[in-house]
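In this note's numbering, the protein residues as written are 4 to 626.
Okay, structure coming up:
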């Protein structure tokens, strides 16, 4: 008789959940892991600036829907930016993004450290007896987690250790505001203002006063539906761009689509995207309705095309209305700040666009940078230095600092206004002088601004309104503040450093080697001098690096990918266009920006978990 029991999986006792900010979405109740015993707990380590974290929120909705009485998802909010450590900002973000599960606000990264997390987002699965059984960094892992959940339900149901029932989620009371976390605004030819009412999944046309509602476009629930204003559906729309024919292109962000709204007829149609998120290996150009997109965040009409800030993959794309095609215009999908030719440039979640005759300006939010593209396609940086430097500092562009800006607006004198979102400020950069000044403060998470005559109308996203300002002749003076990310640098030894990206194919899957190597590893550093050896691309997920002892601090940029397919085609298949079945395959990918500090006697190994558990670090307890 053969033993049909599943192989024993490693189990690590889960550390307690602690966070100085307390709990959200629980009706003011605080929870411990013992309160959740008997449930399958999925910890989602996220921060609200991170587009990959927002993708995972969308993935988790399906898991929560299919396993409502056995799975409890707990969001552990772990801030990168200083603003994200403010409790009120976390409260806003939970509502803004429709987070329908409990959230632990951990501003000091206490639980992050206890679970040895090194990347946003990271998912940790805890079984009904309180043991960690899986860890995954990045997005695209929910298929593997759902398979594990099904196994845990069967295993612990048989043991009598599974407890079914309602979860701890208590929804907050909705607020009766006209707008709810609006994203972007546009001045229509009529003089009215069109606003993306992001959290309510609608567009709202306001009269010229910026307050009176003329009409709402969209039913108000999540969906991807074309039709008249009362039938259309959007999903967290953001950017808006006016086309020469008077219609408006909408960045329908969570639907991964571009939509067209016609102010004359009130109808919405779909221009680009399939409704599915672009993943590595998918097409990067072609007929617009046949190519996947990834979280388009803002739009601008420039050089006869619609330019798209494709925040989800750190690129700029274009849509050509003449032939109905989309294509990548700049960026490699690597996250960071690298200037140069379009095909070699790196961006980090571009989220705001503004066009002038000779420049396409962009707010590159995760590097807190203001950047621009010239007519030849080369990418330049005006203000900003990298992923982990931010603050509120005016002055020469080389020293000035922003904090996660989401919007940029071209001004009549050739300068640009920047919606400096996490600084609650409107800033101005003048390319003629190379200086940054502050135009206005006390704006609650401004995400966009639009010129209306001699005024500038700011989208105050977290105050749920538009605010009209007169462009000041003199700038506001503010005290200079500089920040580094709250995430502590990892201390590593100078010289040789062993990089191990841990990937264990989910149970029931194997590496997909049908077309060659199924893994990829790309390594670089800021500054480049930090790496003496180990830079570049390869297929092995482990690599020996050599760090220059003379460079005391820096950032290692690491991108890893692994493709796995179901081992048993009967366990999960997809249908080919010719009618045959083939194993369902999945891409696991994560980009890490790891701040490091070179310290004599520190570790000479850097483990990063893509999927699975690092057996060299795992003992009876997590570190």
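Even glycine gets a Cβ: it sits at the ideal position worked out from N, Cα and C.
Check: Which residues mark the beginning and the end of the alpha helix (DSSP H) in which residue 93 is found?
Finding: Element bounds for residue 93: 90 to 99.
Note to self: I'd like the span of the beta strand (DSSP E) that includes residue 26, first residue to last.
What the structure shows: Counting along the chain, the unbroken beta strand (DSSP E) around residue 26 starts and ends at 25 to 27.
Margin query: Less than 8 Å between the beta carbons of residue 14 and residue 100, yes or no?
Written below: Result no, Cβ atoms of residue 14 and residue 100 do not sit closer than 8 Å.
Check: If you draw a straight line from the alpha carbon of residue 405 to that of residue 388, how long is it in whole angstroms?
Finding: Their backbone Cα atoms lie some 10 Å apart in a straight line.
Check: Taking all protein chains shown into account, do 16 or more other C-beta atoms lie within 10 angstroms of the C-beta of residue 19, making it buried, or fewer, making it exposed?
Finding: The residue in question, residue 19, is exposed, as its Cβ has fewer than 16 Cβ neighbours within 10 Å.
Next item on the list: Give me the Cβ distance between residue 559 and residue 526, rounded to the nearest whole Å; I'm assuming they're in contact under 8 Å.
Entry: The distance from the Cβ of residue 559 to that of residue 526 is about 7 Å, consistent with a contact at the 8 Å cut-off.
Next item on the list: Please state whether DSSP places residue 578 in a helix, a strand or coil.
Entry: Model confidence at residue 578 stands at a pLDDT of 41, short of 50, so the residue's coordinates are unreliable and nothing is read from them.
Item checked: Coarse secondary structure for residue 319, derived from DSSP in three states -> Reduced to three states, the DSSP call for residue 319 is strand.
Next item on the list: From the DSSP output, read off the bridge partner residues of residue 313.
Entry: Its beta-bridge partners are 299 and 318.
Note to self: To test your reading of the DSSP string, which unbroken beta strand (DSSP E) runs of 3 or more residues are found completely within the segment 91 to 158?
What the structure shows: Taking only runs of at least 3 residues, the beta strand (DSSP E) segments lying wholly in the segment 91 to 158 are 106 to 108, 125 to 129 and 134 to 140.
Item checked: Three or more C-beta pairs below 8 Å linking the segment 294 to 308 and the segment 257 to 264 -> With three or more CB-CB distances shorter than 8 Å, the segment 294 to 308 counts as touching the segment 257 to 264.
Margin query: Which of the three DSSP states is assigned to residue 497 in this structure?
Written below: Three-state result, residue 497: coil.
Checklist line | For residue 293, three-class secondary structure by DSSP | finding: Looking at residue 293 - three-state DSSP - the assignment turns out to be helix.
Next item on the list: Identify every residue that forms a DSSP beta bridge with residue 422.
Entry: Residue pairing from DSSP places residue 422 in a beta bridge opposite 410 and 429.
Item checked: Identity of the residues DSSP links to residue 205 by a beta bridge -> Beta-bridge pairing links residue 205 to 200.
Check: What are the boundary residues of the beta strand (DSSP E) that includes residue 560?
Finding: For residue 560, the enclosing beta strand (DSSP E) has its first and last residue at 556 to 569.
Notebook entry, point to check: What distance in whole Å lies between the Cβ atoms of residue 140 and residue 637, which are believed to be in contact at a cut-off of 8 Å?
Noted result: Outside the modelled stretch of the chain, which goes from 4 to 626, sits residue 637, for which no answer is possible.
Notebook entry, point to check: Going by Cα to Cα distance, which pick from 430, 125, 150 and 319 is closest to residue 395?
Noted result: Of the candidates 430, 125, 150 and 319, the one whose C-alpha sits nearest the C-alpha of residue 395 is 430.
Note to self: I want to know whether the segment 425 to 440 touches the segment 595 to 603 - three or more CB-CB distances under 8 Å.
What the structure shows: Using a C-beta cut-off of 8 Å, the segment 425 to 440 makes no contact with the segment 595 to 603, since fewer than three inter-stretch Cβ pairs fall below that distance.
Check: Using DSSP with H/G/I as helix, E/B as strand and the rest coil, what is residue 21?
Finding: In the three-state scheme derived from DSSP, where H, G and I count as helix and E and B as strand, residue 21 is classed as coil.
Check: So, using beta-carbon positions, are residue 198 and residue 177 closer together than 8 Å?
Finding: No, the Cβ-Cβ distance between residue 198 and residue 177 is not below 8 Å.
Next item on the list: Please say whether residue 113 and residue 51 have beta carbons closer to each other than 8 Å?
Entry: Here residue 51 is not near residue 113, since their CB atoms are 8 Å or more apart.
Notebook entry, point to check: Residue range of the beta strand (DSSP E) that residue 392 falls in?
Noted result: Counting along the chain, the beta strand (DSSP E) containing residue 392 begins and ends at 392 to 395.
Next item on the list: Measure the CB-CB distance between residue 481 and residue 423 and report whether it falls below 8 Å.
Entry: At the C-beta level, residue 481 and residue 423 stay beyond 8 Å of one another.
Notebook entry, point to check: Can you check whether the CB of residue 319 is closer than 8 Å to the CB of residue 351?
Noted result: Contact: no.
Notebook entry, point to check: Rounded to whole angstroms, how far is the Cβ of residue 108 from the Cβ of residue 90, which I believe are closer than 8 Å?
Noted result: With a contact defined as Cβ atoms closer than 8 Å, residue 108 and residue 90 qualify at about 6 Å.
Notebook entry, point to check: Quick one: any contact between the segment 44 to 61 and the segment 284 to 293, if contact means 3 or more CB pairs under 8 Å?
Noted result: Segment contact: the segment 44 to 61 against the segment 284 to 293, fewer than three CB-CB distances shorter than 8 Å; contact not assigned.
Margin query: Determine whether the beta carbon atoms of residue 365 and residue 329 lie at a separation below 8 Å.
Written below: Cβ atoms of residue 365 and residue 329: not closer than 8 Å.
Item checked: residue 315 versus residue 381 - alpha carbon distance -> About 21 Å.
Check: When you compare each of 38, 53 and 327 to residue 84 by their alpha carbons, which one comes out closest?
Finding: Among 38, 53 and 327, the Cα nearest to that of residue 84 belongs to 53.
Item checked: Rounded separation between residue 615 and residue 222 - CA only -> CA-CA distance, residue 615 to residue 222, rounds to 41 Å.
Note to self: Below 8 Å, how does it come out for the segment 548 to 565 and the segment 527 to 536: are there three or more Cβ pairs, yes or no?
What the structure shows: Output reads yes: the segment 527 to 536 touches the segment 548 to 565.
Check: For residue 453, does the count of other Cβ atoms within 10 angstroms reach 16, so buried, or fall short, so exposed?
Finding: For residue 453, the number of other beta carbons within 10 angstroms of its own is at least 16, and it is reported as buried.
Check: Leaving out the 5 sequence neighbours to the left and right, which residues in its chain are closer than 6 Å to residue 250 when beta-carbon positions are compared?
Finding: Around residue 250: 263 and 265.
Checklist line | residue 80, enclosing beta strand (DSSP E) - first and last residue | finding: Residue 80 -> beta strand (DSSP E) spans 74 to 80.
Notebook entry, point to check: Using the beta-carbon count (16 or more within 10 Å), is residue 613 buried or exposed?
Noted result: Result: buried.
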